[in-house]
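Protein chains in written order, with our numbering: chain X, 1 to 152; chain D, 1001 to 1152.
The C-beta atom is built at its ideal place from N, Cα and C for all residues, glycine as well.
Contents: one structure, followed by commentary.
Protein chains: 2
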Amino acid sequence: MKLEQAIQSTRFKNEVHKAGLNILYTAWWLKTVMSRELKEFGLTHEQYNVLRILKGKHPELICVKDIACRMIEKNSNVPRIIDRLEIKKLVKRATSEADKRETVISLTQSGIAVLEASTQRINAIFDEVMVINEEEASSINQLLEKVREKES
Amino acid sequence: MKLEQAIQSTRFKNEVHKAGLNILYTAWWLKTVMSRELKEFGLTHEQYNVLRILKGKHPELICVKDIACRMIEKNSNVPRIIDRLEIKKLVKRATSEADKRETVISLTQSGIAVLEASTQRINAIFDEVMVINEEEASSINQLLEKVREKES
DNA sequence: AACAAATACGTGTATATACATGTATTCAAA
DNA sequence: TTTGAATACATGTATATACACGTATTTGTT
């Protein structure tokens, strides 16, 4: 769907302004698609993200701050997301021996199973809805990295 | 900043998968930049969005559902966002005469003033941080609309 | 060794997101 | 005309976002 239809507006200051809105809208759209699939696994978007990060290092242990700095949305309240995952017995908390300030997190067997099933589903839905080829994706990656060049 | 540094990961399934994450990360980055500026005006990202939509129709009245369908994030709880704006006396609520189910919203003088000042700031920060030219922005717009082609 | 600063995490608050439900009003079919 | 469905909005709940602050631990400086 064209952005104009999606947000019922045709008045954009210029193409750059429109690109900003397009990025925000596309991200919302993508999150919505993913969340709908993850719901079947009882996971939210952010809970899934934390599980993925844990998997990346598994069976190595990883502490809360290392999870936080890998999150897509940097202001995520990781301790609270881990609270939910712990209740569902998908992860385990332990105090680090090396540095008692750190809480190290590990995946449970159940966590591994849920992650594997949901990842399969997420990969499938990505292939299904993102109808672009590798070159187009590559262009997007280059352009978005240029957008963020100025850092903040 | 490269996505790899931003989320400390180098393992992407393919360019399409990476593009998905890049879109999500760039949207977060853009929202963060905007929110930081809006904070000086006591506004959140979504409150600003509602004010902009009201301005687009001003001095015409607009009802809650028409605001909702123009929002970038479609699941926004518009009545609640309007609650906050009403407390700050930036908007006014009234029941529609034509259809008493509808609540029509209008900007106050104070709302108009805050919106104008904040819009100036937002436009300036857009120009400042989004260092791409019109052609590059146009490419992004085309590519993102292709990404969303499949609808859902 | 003692103490100040930094770090890591948990917790609290306000707002937003996502979704379900309740209530009043309008519309449409019998 | 009456009644059931649809619509518009408000409200409630769980989770997330954004940010501030408190506590425990570690580090660095004197």
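Leucine 1061 (chain D) sits away from tyrosine 1048 (chain D), with the two beta carbons spaced by 8 Å or more. Restricting attention to D:Lys1146, D:Ala1137 and D:Lys1150, the CA atom closest to the CA of lysine 18 (chain X) is found in D:Ala1137.
Across the structure, glutamate 1097 (chain D) and threonine 1103 (chain D) are spaced so that their CA atoms are roughly 9 Å apart. In the DSSP assignment, leucine 1107 (chain D) falls outside any alpha helix (DSSP H) and within the unbroken beta strand (DSSP E) covering 1103–1107.
As a beta-bridge residue in DSSP terms, threonine 95 (chain X) pairs with X:Thr103. The beta-carbon distance between isoleucine 1072 (chain D) and tryptophan 28 (chain X), rounded to whole angstroms, is 6 Å. This is short enough to meet the 8 Å contact definition. In this structure isoleucine 140 (chain X) is in contact with leucine 1143 (chain D), their Cβ atoms being roughly 5 Å apart against a cut-off of 8 Å. In this structure, the straight-line span from the alpha carbon of leucine 3 (chain X) to that of arginine 1121 (chain D) is close to 23 Å. Between threonine 1108 (chain D) and valine 1091 (chain D), the C-beta spacing is below 8 Å. Residues of chain D with a Cβ closer than 7 Å to the Cβ of histidine 17 (chain X) are, in chain order, Phe1126.
Neighbours of arginine 1070 (chain D) across chain X, judged by C-beta separation under 7 Å: Ile7, Gln8 and Ser9.
Counting along the chain, valine 131 (chain X) sits inside no alpha helix (DSSP H), nor does DSSP assign it H or E at all.
Put simply, the backbone Cα of proline 79 (chain X) is about 28 Å away from that of arginine 148 (chain X). Listed as beta-bridge partners of cysteine 63 (chain X) by DSSP are X:Val104. For histidine 1058 (chain D), there is no enclosing alpha helix (DSSP H), as DSSP marks it with neither H nor E. Uninterrupted alpha helix (DSSP H) stretches at least 4 residues long and entirely within the stretch 20–57 of chain X occur at 45–57, given in chain order.
If you look at glutamate 4 (chain X), you'll find it in the alpha helix (DSSP H) that goes 3–6. When CB distances to chain D are screened at a threshold of 9 Å, the residues of the stretch 106–136 of chain X falling below it are Asn123, Phe126, Asp127, Glu128, Val129, Met130, Val131, Ile132, Asn133, Glu134, Glu135 and Glu136, in chain order. At least one beta carbon of chain D lies nearer than 8 Å to the beta carbon of asparagine 22 (chain X). What tyrosine 1025 (chain D) touches in chain X, judged by beta-carbon distance under 7 Å, is Ile72, going in chain order. Separation of glutamate 40 (chain X) and phenylalanine 126 (chain X) (C-alpha to C-alpha, rounded to the nearest whole angstrom) is 16 Å.
With a threshold of 8 Å between beta carbons, isoleucine 1140 (chain D) makes contact with chain X. Cβ-Cβ separation between glycine 20 (chain X) and methionine 1001 (chain D): approximately 18 Å, too far for a contact (criterion under 8 Å).
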